[in-house]
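What follows is a set of notes on a single structure, which appears directly below.
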Amino acid sequence: MPLELAVVPCLKDNYAYLIHDPVSGATGVVDAPEAGPILAELARREWRLTDVFLTHHHDDHIAGVAALRAASGGTLGARVWGAEADRHRLPRLDWSLWDGDQVSLGREEGVVIDVPGHTVGHIAFHFARSGLCFTGDSLMAGGCGRLFEGQPAQMWASLQKLAALPPDTLICSGHEYSASNLSFAATIEPANPRLAMRQHEVARARGEGLPSVPVALEEELATNPFLRAGLAEVKMAVGMPDAPDAEVFAEIRARKDRF
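Written out as structure tokens, the structure reads:
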């Protein structure tokens, strides 16, 4: 039986994700921007928090961890999982992780994917049986995270790892940036019909007060310029027909930074 998923809006435009194993009753949260909305959703669903999974160290993804730990029983409460490479700037970890490590939530197992770029210690969590991948601020809906610590070649390599997942994988990213990201994407591929359709769908969802995430990887591959930097038509669009893929990605990222 697959994990149940709940998207929890936090702060101004962040998302946390609750994942629940209905067989064992275990419940995890991926990233913890603030505790209040997460605790409220747990109470509404009558789920008990057992695990906290952190994608990276930025405060808008970890600020709620201490309160969640306390509410779930302090040192005997929810286990906190995060990257060993970022142990020194994450809340206290119960499990430190490297690329390829397995994580568990009740009867469900996931795999850690090292995705440096936005930060050097950024990781993603892929729960293959449930078709979910939690990407934080690496691959985002219609875009990717800014390169605060990593280099363009690093982020390009990270995105290629995520692009290789099954196309029906649901990408669960950390912010509600879809509309802005897709507006930028339209400056790269203004004639992409899938992109125009997706912009319409996002506008409708946001108009109804609904999140625009998660989104299938297949849709990202068809509309996200940061995943499409290796395609001939995208290279032509940015005037770099013979450039290496990573250089084209870097140019697109630089344009987005100025957008």
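The numbering of the sequence shown is full-length UniProt numbering, which starts it at 1 and goes up by one.
Beta carbons: idealized from backbone N, C-alpha and C, even for Gly.
As the structure is a prediction and not an experimental result, all values here were calculated from the model.
Distance CB(residue i)-CB(residue j) smaller than 9 Å
i	j	result
E201	P167	no
F226	G150	no
P211	E176	yes
L18	L54	no
M1	D21	yes
A16	I38	yes
L195	A185	yes
A83	L97	yes
R107	V23	yes
A229	A254	no
A71	R45	no
I113	F125	yes
V115	D101	no
Residue from the options with nearest C-alpha to residue i
i	options	result
H57	L68, D51, H88	H88
S130	G117, P33, G36, L165	L165
L68	D59, T169, V80	V80
G121	W95, L90, G110	L90
K12	F134, G25, V65, H61	H61
I123	S104, D99, L132	D99
F134	G117, S173, Q102	S173
A216	R198, T50, D94	R198
Q154	G117, A35, E34	G117
P193	E208, G209, G207, N224	N224
G207	V65, S178, G73, F259	S178
T50	V103, D86, N14	V103
Sheet register partners of residue i (DSSP bridge)
i	result
T27	H20, L49
I123	D114
Q102	V111
R79	D51
F134	F125, C172
P9	Y15
Rounded Cβ spacing between residue i and residue j (contact assumed at less than 8 Å)
i	j	result
T119	F148	6 Å
L231	A163	Going by Cβ atoms, the distance from L231 to A163 rounds to 12 Å, so no, they are not a contact pair.
D257	R146	7 Å
A250	E189	With a Cβ gap of about 18 Å, A250 and E189 do not count as contacting.
G25	R48	7 Å
L182	P214	With a Cβ gap of about 15 Å, L182 and P214 do not count as contacting.
Tell me whether the stretch 127–139 and the stretch 153–165 touch, counting them as touching only if at least three CB pairs, one residue from each stretch, are closer than 8 Å. yes
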